[in-house]
Amino acid sequence: MLKGSCLCGDIQFETSAPAQGPSMCHCSQCRKQSGGLWSSAYVHENDLKITGSVRWFASSATAKRGICPQCGSFLFWTATDEDTISFALGAIDGPTGLSLQKHIFVADKGDYYDIADGLPQKD
124 MLKGSCLCGD IQFETSAPAQ GPSMCHCSQC RKQSGGLWSS AYVHENDLKI TGSVRWFASS
184 ATAKRGICPQ CGSFLFWTAT DEDTISFALG AIDGPTGLSL QKHIFVADKG DYYDIADGLP
244 QKD
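At position 13 of the sequence shown (counting the first as 1) the number is 136 in our numbering, and the numbers step up by one without a gap.
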C-alpha cells in the first residue's frame, strides 16, 4: 500500500495496486510547476483513491495536472485519452519500495544539470 498527501494534508491518496513506470520527467511544464524535476509512477485511475478537493488544470490539449488548491502541491498528471493517473513519488508518506526506470522528455531538460545515473533516457 502506497499512501501520500500534499504538503498541508488537505489531499490524501492511496493505492494498493502495483505502481508502474517510475520515472523522472524533465519537460518544461513539470520543471515550471515543480521548480525542478518531477518523479512519478502510475496506476489505473480506478486503483487510486483520492480524498480532498483536487484542483485540475488543463496544462495542454492532451493532459491535465492535479494540484492542492490550499498549498499548491503538484500531485497528479493524467492524459485525457488514457485510464491511468500518475502521482508524485515525492508526496508518498514513507518509503515507496520503487526504483526509477527511466527519464522522460530529456530533450527539454534544463541546461543546469546532467543526467548521469545510467537509466534509459527518452526524448
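Virtual Cβ for every residue (Gly too), placed ideally from N, Cα, C.
Nonlocal neighbours in the same chain, by C-beta distance under 8 Å from residue i, ignoring five residues either side
{"i": "R170", "result": "Note on residue identity: the sequence assigns Asp, not Arg, to residue 170. Correct list, in chain order: T138, S139 and A140."}
{"i": "E168", "result": "T201, D206, T207 and I208"}
{"i": "G127", "result": "Q135, F136, E137, L198, F210, A211, A214, I215 and D216"}
Distance between beta carbons of residue j and residue i, contact taken as under 8 Å
{"i": "I163", "j": "F228", "result": "Per the sequence shown, the amino acid found at residue 163 is Ser instead of Ile. So it is not a contact: roughly 12 Å between Cβ atoms."}
{"i": "C148", "j": "S196", "result": "The Cβ separation is near 16 Å, so there is no contact."}
{"i": "C191", "j": "D133", "result": "6 Å"}
{"i": "L160", "j": "A142", "result": "In fact, because the Cβ distance is near 18 Å, the residues do not count as touching under 8 Å."}
Same chain, Cβ closer than 6 Å to residue i, neighbours up to 5 away in sequence not counted
{"i": "P273", "result": "In this structure the chain extends from 124 to 246, so residue 273 is not present and cannot be described."}
{"i": "S157", "result": "F197"}
{"i": "W179", "result": "K187 and G189"}
Residue environment, residue i, which counts as buried when at least 16 other CB atoms sit within 10 Å
{"i": "G189", "result": "buried"}
{"i": "K172", "result": "exposed"}
{"i": "Y165", "result": "buried"}
{"i": "K232", "result": "buried"}
7 Å CB neighbourhood of residue i in its chain, flanking five on each side removed
{"i": "S222", "result": "P145"}
{"i": "S182", "result": "Q152 and R188"}
{"i": "D234", "result": "none"}
Short Cβ contact (8 Å threshold) for residue i with residue j
{"i": "A186", "j": "T174", "result": "no"}
Quiz item: Just checking, does the region 211 to 228 make contact with the region 145 to 160 on the three C-beta pairs under 8 Å criterion?
Solution: Result yes; three or more Cβ-Cβ pairs closer than 8 Å.
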